[in-house]
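In full-length UniProt numbering, the protein residues as written are 1 to 476. Every residue gets a Cβ at the ideal spot worked out from N, C-alpha and C, and that includes glycine. Remarks on the structure that follows.
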Amino acid sequence: MEKKILFGKYETGKQLGKGTFAKVFHATNLATGKNVAIKVIKKEIVKSQEMMEQIKREISVMRLVHHPNIVELKEVMATKTKIFIVMEYVKGGELFAKVAKGRLIEDVARKYFQQLISAVEFCHSCGVSHRDLKPENLLLDENENLKVTDFGLSALPEQLLNDGLLYTQCGTPAYIAPEIIRNKGYNGGKVDIWSCGVILYVLLTGCLPFQDANLVNLYRKIFKAEYRFPPWLSTEAKRLISRILVPNPQKRISITGIMKDPWFRKGFKMSNGISSIDHEHDTFSMLDKFGRDEYLKHGGMIKSPSSPALLNAFELISSMSAGANLSSLFENKKKTESIFTSRCSATIIMAKIQLLANKLNFKVVRVNGSTLRLQGPSNGRKARLLVTIEVFKVAPEVAVVKFSKISGDSQEYTKFFEEEVRPNLKDIVLTWHVEEVLSGCDKEECKIPMKCASSKDLSQSKLEEIDITANLSSSV
């Protein structure tokens, strides 16, 4: 990409990542020579009040915490058509990329877990719960230090109801705590602790503790904390994980308890953070007036009054991790899941899929009222193809449909999907969202979902594609 000067302050370079709602570019601060990552979002995305409130909530989180193990947001800028989020450039990539190659040795896993708990403990001390912790949301800097990112699903104290509990369902299925699934209210801090336990298990084993192709079965395993330890895991590590992955949140170990655990404390050094709640209202007023008075008054940019006391919190705007150059990961990806949204009812969607399956001589099994399982014909390369289709109603007028390849030839699945599914279902599809898996292990049970968006993730975001310009300077 041709380099451009943005606001006379940043020289932009190559594109680092692209999500549904944003693009992330590498840039250099002309005054300091330091690298940053700039996320570009079209203004249209925040036109609805719901999305503006989401951004305000995320900025509230950014205002509250500044910690060595949390990605820092430098400043927010805007033109009449775009929002520019300037963030710390974290060039080490995702922690997930390391785990995908295989399990980590205990000392390395312990270091990352210590840094994760340090960041989470600080967030909780500020009244912030993340609610979507997973390896894909953990980045590594050039010194192999962990950085928590993507606070798009985070919760603040004002979101608590009178009973002090949260009621919004969010998170990624394999990492989600049982109390969220029950939908009877939950403590955001306890939910984060559960997710940290799943992450620790993944770091030490290279596999997820709770896995099942069927979402209902997966949730059953989570409810029962039904998982096994591999033989190589130390007794101390097993004991800590067992104290974290407790279905009853009241009996689950606390952050303080984790930090007192002998396995955790080995070589532990506490990182300090800074909390700031000043100037919050001023920034919100600016955001409400993008492109009008403040655009002119501030010379086209909205600066953070307390920068650098901010952090990245825009997962729902873009699924790409800020500052992470993911291009090196793309070569090893295998498409195994695809998601589309539809305005049709679940009955119509499932009937349409069943007609297609009959046409292709696939055996159809209705698992439940919202799940179908398709088995390939009795002979040929499609014979071993097993596909699960799940339908989730995320809003009165929007359903999310997920196709998952359970077994069979990947090339045959791709052919089946591109040549049969897409053309035959186009009249009921609103938008396609392709999901991918990166795995360093060929065993099916060892594959860890990458950027796995559940129906709860999707229900939080605007379910439509928005074209983001590739030219950063076009509106400056």
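*If you compare alpha carbons, which of Leu-425, Lys-393 and Leu-218 is closest to Gln-354?*
Leu-425
*When DSSP labels each residue in this structure, what does Trp-432 get in the three-state scheme?*
strand
*Taking Cβ to Cβ, would you say Ser-370 is nearer than 8 Å to Val-400?*
no
*Top-ranked residue by Cα proximity to Ile-176, from Leu-139, Leu-215, Leu-140 and Asp-141*: Leu-215
_Beta-carbon proximity check, Phe-403 vs Val-387, cutoff 8 Å_ = yes
*asked:* Taking the beta strand (DSSP E) that Ser-404 belongs to, which residues open and close that run?
replied: 398 to 407
*Assign Val-202 to one of three DSSP states: helix, strand, or coil.*
helix
_So the candidates are Asn-29, Asp-132, Glu-236 and Lys-352; which of them puts its Cα closest to the Cα of Ile-180?_
Asp-132
*How far does the alpha helix (DSSP H) with Leu-425 in it reach, from first residue to last?*
422 to 425
*Just how far apart, CA to CA, sit Gly-13 and Phe-96?*
25 Å
*Is DSSP giving Val-365 helix, strand or coil here?*
strand
*asked:* Tell me the residue span of the beta strand (DSSP E) that contains Thr-81.
replied: That residue, Thr-81, is in no beta strand (DSSP E); it is neither H nor E in DSSP.
*What do you get for Gln-114, buried or exposed, if any count of 16 or more other CB atoms within 10 angstroms of its CB means buried?*
buried
_Tyr-10 and Ile-41 - do their beta-carbons sit closer together than 8 Å?_
no
*Cα-Cα separation between Gly-93 and Lys-363, rounded to whole angstroms*: 42 Å
*Would DSSP call Leu-245 helix, strand or coil?*
coil
*6 Å Cβ shell around Ile-406 - same chain, five flanking residues per side excluded*: Ala-213, Leu-386 and Thr-388
*Mark Met-270 as exposed unless 16 or more other C-beta atoms lie within 10 angstroms of its C-beta, in which case mark it buried.*
exposed
_Checking 8 Å against the spacing of the C-beta atoms, do Ile-253 and Cys-196 come in under that value?_
no
*Can you tell me where the alpha helix (DSSP H) with Asn-217 in it begins and where it stops?*
215 to 224
*With DSSP run on the structure shown, which of helix, strand or coil describes Ala-116?*
Per the sequence presented here, residue 116 reads as Leu, with Ala not at that position. Leu-116 falls in the helix class under three-state DSSP.
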